[in-house]
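Okay, structure first, notes after.
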Amino acid sequence: MPLETIAGVKAQGARLAMLCHACGRRRYIRNSFSDDEVLEEIAARLKCHRCGSGEVELQALVRDPATGFWPAEHG
Ligand SMILES: [Zn+2]
Numbered sequence: 001m002p003l004e005t006i007a008g009v010k011a012q013g014a015r016l017a018m019l020c021h022a023c024g025r026r027r028y029i030r031n032s033f034s035d036d037e038v039l040e041e042i043a044a045r046l047k048c049h050r051c052g053s054g055e056v057e058l059q060a061l062v063r064d065p066a067t068g069f070w071p072a073e074h075g
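Below is the structure:
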């Protein structure tokens with residue numbers, strides 16, 4: 001599977017969310033990255049805003065096709 005890029009996220013109409021594996025917090029973040037950047041590489045330099053852990057993952061989230069709602073933030 002190819003690595004997901006910012007260009008790919010935009011092409012899907014997806015939003016970026018940061019999930020922290022340490023504390024479980026998930027928040028949408030502003031997509032201010034370059035099109036050729038890869039989600040895993042961006043995640044490697046981000047830290048959780050709440051607990052400061054570097055164990056974060058960037059997710060490309062899309063609206064639920066049935067309800068039209070965006071996945072909820074949590075944590
Ligand atoms: Zn955290």
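Taking full-length UniProt numbering, the leading residue of the sequence shown gets 1, the next gets one more, and so forth.
All C-beta atoms, glycine included, are put in the ideal place defined by N, C-alpha and C.
This structure is a prediction, so every number in the text was calculated from the model and none was measured.
Exposure label - residue i; buried when at least 16 CB within 10 Å
i: A60; result: buried
Backbone secondary structure at residue i - three-state DSSP
i: V9; result: helix
i: E57; result: strand
i: A17; result: strand
Length of the line joining the Cα atoms of residue i and residue j
i: V62; j: S53; result: 25 Å
i: R45; j: A11; result: 23 Å
i: V9; j: L16; result: 8 Å
i: P65; j: P71; result: 11 Å
i: M18; j: T67; result: 22 Å
Any non-hydrogen atom of ligand 1 closer than 7 Å to residue i Cβ
i: R25; result: yes
i: R50; result: yes
Validate contact between the segment 3-16 and the segment 35-46 using beta carbons, cut 8 Å, 3 pairs:
At 8 Å Cβ cutoff, the stretches touch.
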